[in-house]
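In terms of my numbering, the sequence shown opens at residue 504 and continues consecutively. For each residue, glycine too, the CB sits at the ideal point set by N, CA and C. Working notes for the structure below.
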Amino acid sequence: MPGEAPLDRSSRDPDLVAWQTVLPPFAEHLAAAADRARRLEVAEPWRLAIDQTRLPDVDYRRELVLAAAAWRHRRKTSTVYVFAYDHPVPSSLIDPLVDDAQEHCLIEGQPRAFAQRGGRPDSRCLYVGHALKFDERLRQHLGDGPRKTSALNLRHWARYPDGPLVLQAYGFATDDVPLARMFEEFLWDTLRPLLGRRGGR
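Here's what the structure looks like:
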């Protein structure tokens with residue numbers, strides 16, 4: 504109403520919490536997570552070398568997914584994973600490949616949701632992610648998942664010739680999912696991947 508005094512939400516909204524109230528428990532939460540991280544029983548990461556020249560072969564892609572499924576069911580974990588090359592790759596090489604693939608899928612009437620650009624000039628790391636169903640997420644990244652699910656869709660563009668694309672996976676117990684997500688964000692900040700975004704698909 505004209506002339507009515509503005510609402511003072513700080514005094515009327517019971518959901519608002521002062522910084523001095525919320526910061527100490529937040530700090531305790533981080534300290535507890537750090538302590539849990541120090542006490543983790545860490546297994547060796549699982550590694551898989553992907554032959555990009557064989558990605559158009561559906562049987563080869565199925566072999567990769569089955570290998571990831573066997574590892575996940577044996578470990579019974581949530582998974583933080585990294586796709587990486589063995590040397591830095593310029594985004595000026597990767598971005599046009601992804602752009603062309605995205606346009607080709609659109610022309611063919613089969614548009615797909617490709618992972619967004621990371622905005623890095625170059626990096627060894629292509630992508631960092633987290634998944635509860637690692638094998639299913641790998642299937643999506645290979646290009647065989649639902650078209651509206653954002654993923655790498657590697658079979659549509661990955662032809663980089665200099666060596667394999669390496670997938671490395673880190674297993675976390677299912678009750679350590681919050682810690683796994685923090686580890687994913689740490690890797691994203693550290694490795695600065697060429698594709699994807701921080702903290703989720």
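- Within the segment 591-637, the complete beta strand (DSSP E) segments of 3 residues or longer fall at 625-634, listed in chain order.
- According to the DSSP assignment, R550 belongs to no alpha helix (DSSP H) but to the beta strand (DSSP E) extending over W549 to I553.
- The beta carbons of S594 and G632 sit no closer together than 9 Å.
- Residue environment: E687 is assigned as buried (16 or more neighbouring CB atoms within 10 Å of its CB, all protein chains considered).
- In this structure, L668 sits near A661, with a CB-CB distance shorter than 9 Å.
- One alpha carbon belongs to I553, the other to A672, and they sit about 13 Å apart.
- Here L698 is near R620, since their CB atoms are less than 9 Å apart.
- Judged by DSSP in its simplified three-state form, R577 adopts helix.
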